[in-house]
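**Q** Below is the structure I would like to discuss, written out as structure tokens.
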Amino acid sequence: MATVRTALAEGITLFDTADMYGAGENERLLGRALGHHRKDVVIASKLGIVAMPGLGVPLGLNARPARVKKCVENSLRRLGTDYLDLLYLHRVDPSVPIEETIGTMAEFVSKGLVREIGVCEVTPEQLSRAHATHPIAAMQSEWSIFTRGIEEGSRQEAKRIGAAVVAYSPLGRGMLTGASRATTNLALLDVRRFLPRWRRQNLARNLAAVELIRDVAHSLRCTSAQAALAWVLQKGSDVIPIPGTANPMHLRSNIAASDITLPREAREKLDSMQASGDRGEGFGRN
Ligand SMILES: NC(=O)c1ccc[n+]([C@@H]2O[C@H](COP(=O)([O-])OP(=O)(O)OC[C@H]3O[C@@H](n4cnc5c(N)ncnc54)[C@H](OP(=O)(O)O)[C@@H]3O)[C@@H](O)[C@H]2O)c1
């Protein structure tokens, strides 16, 4: 709650959530925290991943029309709002043609309950099929110094169709900040415990790269997190990084990254530091 209030005070207007985060709890919390500021902000939520009740652990995918309808109703109720600014398909459900899912989501645009539609972690072909069904306003994918899958075609397709590119986990889920060095201090069901980049065979190499990023940041008199965010921001004016934090101080420091311009040499150094053993989360994609 304190972080959302700080974000509002600092002029942040885009809030990203999903029906599966905390199995609905995150939408409830965001709705409460935004309160009467609702009309001043953009709320983005997502559907398509089935979460374990009470825990929010992903169990599978379901983006069939009947479930899409239920999900939208539930998100609106939990957020305490009568419209979503942006509704994403969280992951493409391979058992349903993407046209069917997007077509059902588009019905809510016609009813005025959803303003724009987005898609997450799509291939260029899936993006173009989605866009042919209904205009896609935003494509959200993991994109950071450590995770570059989006550069293999989806980013170009987003540019072609004029969709904003929303870069999630731009801090490499915390690893790029230098603060997240092992899984031992993470909660039992923290998703990072299951990601290849934290596995022993990759971790040592990745942490060595994190040290090099810290050196680059040090030379620019900024933090590693700020350098990582500046790297994403410099990918284009159509690219919107959405760093996650529950810490108001981290939030303020991350906002300051928008004032940093990376010189070419620093950018090239960071460009060469892709993580080991990593294709991003890629649930349902990789
Ligand atoms: N579409 C999708 O499939 C998908 C998947 C994953 C995430 N997302 C979205 O993307 C958002 C961000 O992703 P994310 O949270 O996974 O990863 P992230 O933004 O790369 O990293 C978040 C981690 O970095 C830490 N952190 C943030 N700022 C810091 C700072 N200045 N110094 C030190 N540590 C810092 C946070 O801890 P503190 O709380 O301590 O700051 C947290 O552990 C999520 O909130 C979610 O909305 C979308």
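In the working numbering, the protein residues as written are 255 to 540.
From the three backbone atoms N, C-alpha and C, an ideal C-beta is built for every residue, glycine too.
Bear in mind that the values here come from a model prediction, so they are computed numbers and not experimental data.
Closest by CA to LEU425, which one among ALA412, MET503, TRP485 and GLY334?
**A** If we check each option's Cα against that of LEU425, TRP485 comes out closest.
**Q** State buried or exposed for VAL311, treating a residue as buried only when at least 16 other CB atoms are found within 10 Å of its CB.
**A** exposed
**Q** Would you say ALA384 and VAL373 are within 7 Å of each other, going by their C-beta atoms?
**A** yes
**Q** What is the DSSP secondary structure of PRO351, counted as helix, strand or coil?
**A** coil
**Q** Reducing DSSP to helix, strand and coil, say where TYR337 ends up.
**A** coil
**Q** Measure the C-alpha to C-alpha separation of ARG409 and THR477 and round it to an integer number of angstroms.
**A** 27 Å
**Q** Here's the rule: buried if 16 or more other CB atoms are within 10 angstroms of the residue's CB, otherwise exposed. What is GLU535?
**A** Residue confidence is low: GLU535 scores 48 on pLDDT, short of 50, so the model does not pin down where it sits. No coordinate-derived value is stated.
**Q** For GLY432, which residues in the same chain have their Cβ closer than 7 Å to its Cβ, ignoring the five residues on either side in sequence?
**A** VAL464, ARG468 and SER478
**Q** What residue does the beta strand (DSSP E) around ASP525 start on, and which one ends it?
**A** First-last for ASP525: 518-525, but that is the alpha helix (DSSP H), not the beta strand (DSSP E).
**Q** Using a Cβ distance threshold of 8 Å, determine whether the segment 388-396 contacts the segment 413-421, with at least three qualifying pairs required.
**A** Touching, per the Cβ criterion.
**Q** Can you tell which of VAL295, LYS523 and ILE297 has its C-alpha closest to the C-alpha of SER473?
**A** LYS523
**Q** Report yes or no: do three or more beta-carbon pairs, one from the segment 300-311 and one from the segment 273-286, lie closer than 8 Å?
**A** yes
**Q** Could you tell me if the beta carbon of GLN394 falls within a distance shorter than 6 Å of some heavy atom in ligand 1?
**A** yes
**Q** Count the CB pairs spanning the segment 280-293 and the segment 330-337 that are closer than 8 Å, and state whether there are at least three.
**A** yes
**Q** Report the three-state DSSP secondary structure of ALA256 (helix, strand or coil).
**A** helix
**Q** In its own chain, which residues sit with a C-beta less than 8 Å from the C-beta of PRO307, not counting the 5 before and 5 after it?
**A** Once the five neighbours on either side are set aside, the close Cβ partners of PRO307 are ALA277.
**Q** Determine the extent of the beta strand (DSSP E) in which ARG369 is found, giving its start and end residues.
**A** 368-374
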